[in-house]
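See below for the structure under consideration.
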Amino acid sequence: MNKTIIVSNRLPLQVKIEENQLNVTPSVGGLATGLKSVHSEGNGLWIGWSGVTDEELNDELAEKVKKAVTKEKCATVPLSQYDIDNYYLGFSNKTLWPLFHYFMEYTEFENEQWESYKKVNQKFADVVLEHTDNGDTIWVHDYQLLLVPKMIKDKRPNTTIGFFLHIPYPSYEIFRTFPWREELLHGMLGSDLIGFHTYDYERHFFSSVKRILRLEVKFNEISYEDRIVKVDSFPMGIDYKKFHEAAEKHTNQEASERSELQKRLDDHLQADDSTKLILSIDRMDYTKGIPNRIRAFEYFLNTYPEFKEKVRLIMLAVPSRSDVPQYQRLKRETDELVGRINGQFATVSWTPIWYFYRSMPFENLIDLYTSSDVALITPIRDGMNLVAKEYVATRTNKDGVLILSEMAGASKEMNEALLINPNNFYGIAKALKYALEMSLEEQQKRMGILQKRLQRYTVEKWALEFMKTLNATKQNNGTIEAKKLTHQVQKEMMIDFNKANKRLLFLDYDGTLTGFVDNPEDAVPDEELITILDALNNLENTDIVIISGRDRPTFEDWFGNESYNLITDHGVWLKTKDDDWDMIERLKTDWMEHISPILETFVDRTPGTFIEKKNYSLAWHYRKADPELAQIRTVELNTVLTSLISNNDLSVLRGNKVIEIKSSNVNKGRAAARWLAKKNYDFVFTIGDDWTDEFMFDEMPEDAYTVKVGYKKTHANYYIKDSEKVRELLKMFISK
Ligand code: GDG
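According to the numbering used here, the stretch in the sequence shown is residues 6 to 741, in order.
Dropping the structure here:
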C-alpha cells in the first residue's frame, strides 16, 4: 500500500531525557494539527529530528528513542551537535532565514556551513529513502530542507514529492546574491509541487527560476528536465475551532477559575471604562519588528497624550535562537527600549508596557487574546503570521481590532484588518488611534468577515488542499510517463530496426544532436558526434538525413567532407549523399528587406537578442535576453508580424528561444514527406526538439518512431530527456 511521508526539521514530538529517563509527548503546534489527518492515514510516517543530539544519547537511549517515536508513527534523523551548530543554527538561521526575510546585512555566507547543510539534507533524504517505495507521496517542509526533494527524486523518480516553504521567498534581486543559488533551485525543483503562502512568493520564485536556470514557465508550471513542476500558493490557516472554543470556555469561567495573569489583566481593564489593552505576541526575532513597534507606541503616546494612563501595550516575546548574536542584540535593544519608555511615561498607577520575555502555556495565551482590545502585529517581513489569525479566532463577540503589517503574508487575505507599513510610525500611531476609537459596529463588521474566512480555510483545509493538488500532479506527470521512451520501448524499437530492410532516420541538428549553446555558430559538431553519424551513415540499408533550419553554407562548412544526406533552410536545399546541392523549393526573399528593420528595432530594445540572417529566413534569437522582458517582446513581435505577413506567403515559427520568419510553403514536414516517397521504407525514425520539427512528426507514417527531445506538448509518440540521451540512443542503432 502506498503511503504518505511528511518530512520536517523537527518531529511533532517533545523528546526529553531526564536522569536517563525518556519522556516523549506529542507537540500541539499548528503544523502538527493541520497534518494530523495526513499523518494518521494508512501507514503514514513523519520523519525529522527528535531534538536530542547524538552526543546526548547512548546506545540504549537511542534505541529507546527509536522505539518511542516509532510508536508515534515517526522516524528520527540522527543529528550531531556539529550538525545542529552548522546546518541549523548556522546555515538555516544565519544564512537562509535572514536572506529570505530581506535582512541582507545579517546574512553570512560560510562555506563550512553550506557543506554541513548539504550533508544534513542528505541525512534526511537517506532516512526518507530507507522508508520509501515507488508510488509513495512525500511532503517536505521548509527552508531547512530545500535540497531534499531533488535528493529523493534522483533516487526514486517514481515518488510524488511536494515541498512547502513556510517563510517568504525573496525577490530575484535578493536571491541572486546567494552563492549557491543554482543548487538550491535544483534542490527545490526535485518536487512535483512547490507551495508558498502567497502569490507574491510564487512570482518571485518564477522570476529566479527563469533568470537563473533559464527554464520555461507557463502559467504556474515549470518544464524541468522531463517533468512538469507545478507551483501554487496555499495560505496556511489555523485550528480555528481550538482557539474559538477555548475562548468561549474562557468567557464562561468562574472567578475562581481565573489565572493569575487574567486577574492582573482584569485589574487593569476594570480600572476605568476607557482603559484598553493592546497586545503583541511573537518569537523574539528581528523579522517581527519588535523595536519598531515599541518606537511607534512611544510616538503614539507623544502624539496623542490623551491615551496616557488609558492604554497599555502587553508584549509577549518568546525566546528564540538566543545563541545567535543578532538575536542577543535584539533582546538587549528591546530591554532598553521598554525600560526607556516605561521610565519616561510611567506613573504610580500605570506602566505603559508590560513586557514578558518567556513562553506561556496555551491557557495564558487565550487570556491575552481574549482580554485585548487591539492586536498590534508589525513584522518587517513574515511568511504568514499565525498570531494575527489566532487573535481573530478568539474574538467570540466579534469585537476587537487587528492592526497588521502589510509585510506579513497574512495581510494578503486579511483586508478587513487595519493594514500598516511597519516602518511608518506616523501610520501606525494613526491606526492605533483609529482602532482604539472604532465603533463596536465597525469592529464587528470587520471581525465577522475575517472570522468567516478563517473558519473556512483552516489549517486542515490547507493541508488537504495541498495534498489534493499534489495528488493531481500524478496524473499530469503520468501522461508524460506514458510517452517516455522507456527501455522497453527502446528494446522493441531495436527489434523492428534489426528486422527492417529499408531504414530511414530523420535527425534534427540543434538541440537534438547537440545541446544548446549561447551563439548558434558555436554549435560545431564535435568528434563524438561525427563518429556516431559516420557509423550510422555506413550502416547497410539505412538512410540518415540531417534535417535542419540551418542555412546551406553552415552545413557545407560543417559537413562538407562527409557524405551525409542533408536538408537545410527548413527544406529549401537538399544534398543527397555524394551528389551536389539541389534546391527543392523555390523561394522569394524580397520580403526580408521589409522585415529586417522591424526585427532590428526589437534588437535595439531588447538587450541580449540578435538577428540571424539565413538565405531564406530571418531568425530573432532571444535566449540570452532577460527572460521576462523577452516574454513581453515575443508577444509584441508576434502581434506586429501577424499583421504584417497576412498578405504575404510568410509564416512565423516559434522555436526554442527563437522566432523565425520564412516563406510559408516550406517546412521540414514537406521536405521529409518528399524524401519518404522515394523508397518503401519499413523502419522510420524521426527525432527533433522544437516547434519546427512538429511538421515532420505530422508527416510520418503511423508506425514510425517519432521522438521529441525534452518535455513539451508534442505530436511525437515519445519523448527523451536531452541531447546526451539522444546520442546514447543513436549508439544503440550502431551497436546492433
Ligand atoms: C513561521 C513563519 C508562518 C507564540 N508564543 C507562544 C505560543 N506561540 C505560538 C502562536 C503561533 C506560533 O507560536 C507562532 O507562529 P507565527 O506564524 O506567528 O510565526 P513563526 O514562529 O515565525 O512561524 C510564519 C509560520 O511559520 C507557519 O507557516 O506563519 O510566517 O515565520 O501559533 O500561538 N504558543 C504558546 N505559548 C507562547 O508563549 N503556547
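All C-beta atoms in this analysis are idealised placements derived from N, C-alpha and C, irrespective of residue type, glycine included.
| Check | Outcome |
| --- | --- |
| Can residue 201 and residue 261 be called in contact, C-beta distance under 8 Å? | no |
| For residue 12 and residue 52, which I take to be in contact (beta-carbon distance under 8 Å), what is that distance rounded to the nearest angstrom? | 5 Å |
| Just grab the DSSP bridge partners of residue 127 for me. | Answer by DSSP bridge pairing: none, since residue 127 is not bridged. |
| By the three-class DSSP mapping on this structure, what secondary structure does residue 146 have? | strand |
| Who are the Cβ neighbours of residue 213 in its own chain at under 6 Å, not counting the five residues just before and after it? | 177 and 180 |
| Assuming contact is defined by CB atoms lying nearer than 8 Å, are residue 198 and residue 242 in contact in what I supplied? | no |
| Enumerate in chain order the residues of its own chain whose CB-to-CB distance from residue 83 is below 7 Å, with the five nearest sequence positions on each side excluded. | 59 |
| Here's the rule I'm using: 16 or more other beta-carbon atoms within 10 Å means buried, otherwise exposed. How should residue 118 be labelled? | buried |
| Can you give me the C-alpha to C-alpha distance between residue 384 and residue 410, rounded to a whole angstrom? | 6 Å |
| Using the three-state DSSP reduction, which class does residue 97 fall into: helix, strand or coil? | helix |
| Is the beta carbon of residue 541 sitting closer than 8 Å to the one on residue 490? | no |
| Quick check on residue 483: buried or exposed, where buried means 16 or more other Cβ atoms within 10 Å of its Cβ? | Low confidence applies to residue 483: its pLDDT is 45, below 50, so where it sits in the model is not reliable, and the reading given next is rough at best. Its Cβ having fewer than 16 others within 10 Å, residue 483 is exposed. |
| First and last residue of the alpha helix (DSSP H) that includes residue 410? | Where residue 410 is concerned, there is no enclosing alpha helix (DSSP H), although the beta strand (DSSP E) it sits in stretches over 406-410. |
| Return yes when the C-beta of residue 688 is under 7 Å from any heavy atom of the ligand GDG, and no when it is not. | no |
| Would you call residue 575 buried or exposed, if buried means 16 or more other Cβ atoms sit within 10 Å of its Cβ? | buried |
| Would you say residue 124 and residue 152 are within 8 Å of each other, going by their C-beta atoms? | no |
| Entirely within the region 489-523 and at least 4 residues each: give me those alpha helix (DSSP H) ranges in chain order. | 492-504 |
| Just to confirm, does residue 108 get its C-beta within under 7 Å of one of the non-hydrogen atoms of the ligand GDG? | no |
| For residue 360, which of helix, strand or coil comes out of DSSP? | strand |
| Do residue 633 and residue 626 count as a contact pair if the criterion is CB distance below 8 Å? | no |
| Report the CB separation of residue 398 from residue 245 in whole angstroms; it is logged as a contact under 8 Å. | 5 Å |
| So what does residue 655 bridge to, in DSSP terms? | 668 |
| How long is the line joining the alpha carbons of residue 665 and residue 425, rounded to whole angstroms? | 50 Å |
| Compute the Euclidean distance between the alpha carbons of residue 326 and residue 89, then round it to the nearest angstrom. | 12 Å |
| Indicate whether residue 705 and residue 691 have their beta-carbon atoms separated by less than 8 Å. | yes |
| Using the Cα positions of residue 293 and residue 488, report the straight-line distance between them to the nearest angstrom. | 49 Å |
| Report whether the distance from the Cβ of residue 743 to the nearest heavy atom of the ligand GDG is below 7 Å. | This structure does not reach residue 743, given that the chain is present from 6 up to 741, and the question cannot be answered. |
| Pull up the distance between the alpha-carbon of residue 469 and that of residue 97, whole angstroms please. | 28 Å |
| Taking the CB atoms as reference points, tell me whether residue 661 and residue 631 lie closer together than 8 Å. | no |
| Closer than 7 Å: is that where the CB of residue 395 sits relative to any heavy atom of the ligand GDG? | yes |
| Let's test the definition: count the other Cβ atoms within 10 Å of the Cβ of residue 387 and tell me whether it reaches 16, buried, or not, exposed. | buried |
| Cβ of residue 143 within 8 Å of Cβ of residue 186? | no |
| For residue 224, does the count of other Cβ atoms within 10 angstroms reach 16, so buried, or fall short, so exposed? | exposed |
| Bridge partners of residue 613, per DSSP? | Paired residues: none, contrary to the question. |
| Nearest-angstrom Cα distance between residue 586 and residue 689? | 24 Å |
| For residue 16 and residue 30, what's the separation of their Cα atoms in angstroms? | 11 Å |
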